[in-house]
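Numbering (our numbering), first residue to last: 879 to 1096.
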């Protein structure tokens, strides 16, 4: 024997993202009563009362797909399906080269003592990392340690282009002229002189000022 029908919802009653605008809006082919509901996005459609009452339907299909995608980003770093975001791939690579001896490049990171801070490990580690560095500014940016001999930790990690990272290498020569300090390549760019020519002059024993054509100006 069929049980008593579930009570109709009231006008304005909320079920997840649905809001009831007409408690009774006909029945489906099986005879189940339906209520006309409006999703938070504005979509309106009749929903079976039993689905509302049991929580089987909480929002429209479009909002449901969006929510699932957002859960993927937070939980798995996935933007759609199983495709990982650039931020998640950067975090995973950073983690692996510090902690997994089987990872290519481990000897230059974890193998020589570079570590990943505890706050960016384990459950929620990706989310905390992303909250600190933010989203990748462009496809030309990748994760870089500001001080190359320090660890992957808050305050020492940024998104940087390849050119910025090359200037940040441990063997980059910093040169002070007047009251300013920057790498030799930037001085060459500033004065419009070919860097290889300047570098070659310095290697042959020229002073930096002479190599840049500034001798007598500083």
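Just so it is clear, CB atoms sit at the ideal spot from N, CA and C, and this is done for glycine as well.
From the DSSP secondary-structure annotation, give me the bridge partner or partners of residue i.
i: residue 1037; result: 1021
i: residue 1055; result: 1058
i: residue 896; result: 893
i: residue 922; result: 916
i: residue 911; result: 905
i: residue 1030; result: 994
Taking 8 Å as the threshold (C-beta atoms), are residue j and residue i in contact?
i: residue 994; j: residue 981; result: no
i: residue 975; j: residue 988; result: yes
i: residue 919; j: residue 897; result: no
i: residue 924; j: residue 904; result: yes
i: residue 937; j: residue 917; result: yes
i: residue 1071; j: residue 1056; result: no
Use the C-beta contact count for residue i: other C-beta atoms within 10 angstroms, 16 or more gives buried, fewer gives exposed.
i: residue 1148; result: The first residue shown for the chain is 879 and the last is 1096, placing residue 1148 beyond what the model contains.
i: residue 985; result: exposed
i: residue 888; result: exposed
i: residue 1038; result: buried
i: residue 1001; result: exposed
i: residue 1023; result: buried
i: residue 1089; result: buried
i: residue 963; result: buried
i: residue 990; result: exposed
i: residue 1016; result: exposed
i: residue 934; result: exposed
i: residue 973; result: buried
For residue i and residue j, what's the separation of their Cα atoms in angstroms?
i: residue 1085; j: residue 1075; result: 13 Å
i: residue 1018; j: residue 966; result: 16 Å
i: residue 890; j: residue 882; result: 24 Å
i: residue 954; j: residue 997; result: Bear in mind that a pLDDT of 47 at residue 954, under 50, signals an unreliable position, so the number given afterwards is only what the model happens to contain. Going from the Cα of residue 954 to the Cα of residue 997 covers about 17 Å.
i: residue 1011; j: residue 1021; result: 9 Å
i: residue 913; j: residue 886; result: 8 Å
i: residue 942; j: residue 899; result: 20 Å
i: residue 906; j: residue 1009; result: 46 Å
i: residue 929; j: residue 940; result: 18 Å
i: residue 902; j: residue 922; result: 14 Å
i: residue 1059; j: residue 1065; result: 9 Å
i: residue 1062; j: residue 1082; result: 15 Å
i: residue 1110; j: residue 932; result: The structure shown does not extend to residue 1110, since the chain is modelled only from 879 through 1096, so no value can be given for it.
i: residue 1079; j: residue 1026; result: 27 Å
i: residue 927; j: residue 909; result: 11 Å
i: residue 1077; j: residue 1068; result: 14 Å
i: residue 1029; j: residue 1054; result: 27 Å
i: residue 884; j: residue 971; result: 53 Å
Can we say the region 1000 to 1009 touches the region 1036 to 1045, given the rule of at least three CB pairs closer than 8 Å?
no
May I ask you to verify whether the region 1050 to 1061 touches the region 1031 to 1039, counting CB pairs closer than 8 Å and requiring at least 3?
no
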